[in-house]
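Student: In our numbering, the protein residues as written are 4 to 473.
1. By Cβ distance below 8 Å, which residues in the same chain neighbour residue 471 in space, the five residues on each side in sequence not counted?
2. Can you list, in chain order, the residues of its chain whose CB lies under 7 Å from that of residue 288, leaving out five sequence neighbours each side?
3. Can you tell me whether residue 210 is buried or exposed? The criterion is at least 16 other CB atoms within 10 Å of its CB, across all chains shown.
4. Roughly how many angstroms separate the alpha carbons of residue 136 and residue 55, rounded to a whole number?
5. Is the number of C-beta pairs between the stretch 72-79 and the stretch 17-31 that are closer than 8 Å three or more?
6. Taking Cβ positions, are residue 150 and residue 165 nearer each other than 8 Å?
7. Tell me whether the stretch 37-44 and the stretch 330-349 touch, counting them as touching only if at least three CB pairs, one residue from each stretch, are closer than 8 Å.
8. DSSP three-state label for residue 31, please.
9. Using the beta-carbon count (16 or more within 10 Å), is residue 308 buried or exposed?
10. Pair every Cβ in the stretch 88-103 with every Cβ in the stretch 7-16, then say whether three or more of these pairs are closer than 8 Å.
11. Would you list the one or two residues that DSSP bridges to residue 213?
12. Who does residue 180 pair with in a DSSP beta bridge?
13. Hey, out of 159, 181, 188, whose CA is closest to residue 223's CA?
14. Can you list, in chain order, the residues of its chain with a C-beta nearer than 6 Å to that of residue 400? Leave out the 5 residues immediately preceding and following it.
15. To the nearest angstrom, report how far apart residue 273 and residue 59 are at their CA atoms.
16. Given a cut-off of 8 Å on the beta-carbon distance, is the pair residue 411 and residue 350 in contact?
17. Under the rule that 16 or more other beta-carbon atoms within 10 Å means buried, what is residue 79, buried or exposed?
18. Leaving out the 5 sequence neighbours to the left and right, which residues in its chain are closer than 6 Å to residue 128 when beta-carbon positions are compared?
19. Could you check how far apart the C-beta atoms of residue 426 and residue 364 are, in whole angstroms? I think they sit under 8 Å.
20. Run through the stretch 54-139 for me and flag every whole alpha helix (DSSP H) of 4 or more residues, listed as ranges in chain order.
21. Taking DSSP as the reference, what is the three-state secondary structure of residue 198?
22. Near residue 231, what residues of its chain come up, given a Cβ to Cβ distance below 6 Å and the 5 sequence neighbours on each side ignored?
23. My guess is that residue 367 and residue 106 are in contact by the Cβ rule of under 8 Å, so how many angstroms apart are they, rounded?
24. Between which residues of its own chain and residue 227 is the CB-CB distance below 6 Å, once the five residues before and five after are set aside?
25. Starting from residue 430, follow its DSSP beta bridges and name the residues at the other end.
26. Is residue 396 near residue 417, with beta carbons less than 8 Å apart?
27. Whole angstroms is fine: what's the gap from residue 183's alpha carbon to residue 356's?
28. Can you list, in chain order, the residues of its chain with a C-beta nearer than 6 Å to that of residue 194? Leave out the 5 residues immediately preceding and following it.
29. Is DSSP giving residue 207 helix, strand or coil here?
30. Give the DSSP-derived three-state secondary structure of residue 38 in the structure shown.
31. Residue 138: which of 52, 122, 200, 153 sits nearest, CA to CA?
32. Buried or exposed: where does residue 478 fall if 16 or more other Cβ atoms within 10 Å of its Cβ makes it buried?
33. Just the C-alpha distance for residue 391 and residue 66, rounded to the nearest angstrom, thanks.
34. On the premise that residue 234 lies in contact with residue 208, defined as a C-beta separation below 8 Å, what is that separation, rounded to the nearest angstrom?
35. Excluding the 5 residues flanking residue 285 on each side, which residues of the same chain have their C-beta closer than 8 Å to its C-beta?
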């Protein structure tokens, strides 16, 4: 029995590794153009690009491993079934459980490994990758200007443009937020602009037909119209690495995110206390903006200065209280969305590794259902399962981020549904041997297509004959 289990694991290992390599390569194609652009457009050393690739690899591995498990189990069991090895095993009185046991143990080991990987390797790799990409982005920021997206990795500037001509460097509808230390902040808008290289480490933005908005230190607002205005931006041809401590949700372990959730929940409680302790709290639910604007009609026409003054003071008080309460409520809602996002990421660190077990439960009955000539159908079904799983996962993440579904349910529902389906099929395979008769389904579909095509052939000559006689 031990030899059979070792043999099953050996049959699984090769297709598992091959599938992981193929899936990783497919995912890498999405990043390949960006990596090549770093070499061609930015002049980033190949060694640094390889470093970026290695830092991006863990995020791919975290997704690819469960996919490789399903494909590996399917190919291994499917080959053994096609070569009648499973039939010989049954004839010898050996239960299919002897195939399930080693694969399930391998899935459990991979699940535990991926949980540790997601908590101790992946967050640091994502953080290092983000920092390195930001450092690379500062080498030639001109190449980073993308229409419709803010460019935030240029020191002291945030730039967004509506249109950009990559050949001429012409820009349309430019907005620049300038934040130079020691100087008042400015916002510059222009209908048109043009990028011009100045030197090896500088480029110039020539803006035409625009305005400059500025708030001085003493609180005065100034607006200046201009025909032509020039902004010079320094760029570095050398890669300058910086340490950044700020981490996003995908750069944290589950323990770190739990600590953040606890802190955010305390802040939510503080905002709730502020809303409840406010003597005007009912205003938020009772008074709308339209009421504040048309509230004069609810009062008798003022016939004195005192009455008019009283009304204006009351309206201003209500508007201020309502505005303050709305700010508190909006801040509370923002904190709750952050809490939901962190909770989703916490559950994801465990639910995706657990998919290794789910895919073993699905892969074994699918593999047992294959016959010679129908392995491609089983592989197609497995790809559909993978696609459905990750689509459900993405949809659940979106719903949970919007607080329309509990984070736990959104991340575990695909595992629950597919796991239950796989368990039923696996139990059937222990008793019936072929839980999902793909061969019979294929034969039935071919027979149906043949009958339909035969009817069409019989009908066509009659139609053409009548047409010819006319």
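Glycine is no exception: its CB is placed at the ideal position from the N, C-alpha and C atoms.
Please read these numbers as outputs of a predicted model, since none were measured by experiment.
Tutor: Reading off the structure:
1. Note that residue 471 scores a pLDDT of 40, beneath 50, so its modelled location is shaky and nothing firm can be said.
2. Reliability fails at residue 288, whose pLDDT of 48 lies under 50, so the model's placement of it is uncertain and the value that follows must be treated cautiously. Excluding residues within five positions, none has a Cβ falling inside 7 Å.
3. buried
4. 8 Å
5. yes
6. yes
7. no
8. helix
9. At residue 308, the pLDDT of 46 sits below 50, so the modelled position is not reliable; the number obtained from the coordinates is stated separately. Per the 10 Å Cβ criterion, exposed.
10. yes
11. 193, 229
12. 161, 190
13. 188
14. 347
15. 39 Å
16. yes
17. buried
18. 58, 61
19. 6 Å
20. 88-94, 100-123
21. strand
22. 211
23. 7 Å
24. 215
25. None; residue 430 has no bridge partner.
26. yes
27. 46 Å
28. 212
29. strand
30. helix
31. 52
32. The requested residue 478 does not occur in the structure, where the chain is confined to residues 4 to 473.
33. 14 Å
34. 4 Å
35. With a pLDDT of only 49 at residue 285, under 50, the local geometry of the prediction cannot be trusted, and the value read off the model is given with reservation. Nothing listed; no residue qualifies.
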